[in-house]
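In terms of numbering that gives the first Met the number 0, the sequence shown has 77 at position 78, counting the first letter as 1, and numbering is strictly consecutive. Glycine included, every Cβ here is placed at the ideal spot set by N, Cα and C. None of the values given here were measured: they were computed from a predicted structure.
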Amino acid sequence: MLFEKVRGPDARFQDVISSLYVDYKMQQGYTPSEILAKTRSLKGVLEPFSTAGNQDMLARAGFKDVMSIFKYICFEGFFCIK
């Protein structure tokens with residue numbers, strides 16, 4: 000099993016997903032400055048792939064069967080079998 004942060008399939012979806020995730024963090028009690036600091040610290044370090052990109056990498060790593068088992072905003076879980 001693998002859980003990853005994933006990118007939206009295109010810029011429109013990515014904008015909506017990013018906004019939803021910021022809203023979620025605010026609901027969890029994070030301040031705007033904390034959210035901005037975390038975003039800046041990850042810029043250029045964490046570049047998520049799309050669902051298709053993750054599935055392609057898993058296939059190239061030798062996993063024959065890959066199934067999405069969970070998705071919430073910008074996180075997705077994959078169940079993989081070699």
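Would you mind sorting E75 into buried or exposed? The rule is 16 or more other CB atoms within 10 Å of its CB.
-> Residue numbering aside, residue 75 sits at position 76 when the sequence shown is read from its first letter. Flag for E75 reads buried.
Cutoff 6 Å; reference Q84; Cβ partners in own chain excluding five residues on either side = Residue 84 cannot be examined here, being either before or after the span of the chain that is shown, 0 to 81.
Helix, strand or coil: which one does DSSP assign to M85?
-> The structure shown does not extend to residue 85, since the chain is modelled only from 0 through 81, so no value can be given for it.
Run through DSSP, which three-state label would I72 get?
-> If you number the sequence shown from 1, residue 72 lands on position 73. For I72, the three-state secondary structure derived from DSSP is coil.
With 16 other CB atoms within 10 Å as the buried threshold, where does R39 fall?
-> Position 40 of the sequence shown, counted from the first residue, corresponds to residue 39. Its Cβ having fewer than 16 others within 10 Å, R39 is exposed.
Buried or exposed by the 16-neighbour rule on C-beta atoms within 10 Å, applied to F77 = Taking the sequence shown and counting its residues from 1, one reaches residue 77 at position 78. Per the 10 Å Cβ criterion, buried.
Apply the 10 Å Cβ neighbour rule to V44 and answer buried if 16 or more other Cβ atoms are within range, or exposed otherwise.
-> Locating residue 44 in the sequence shown gives position 45, counting from the first residue. So V44 counts as exposed.
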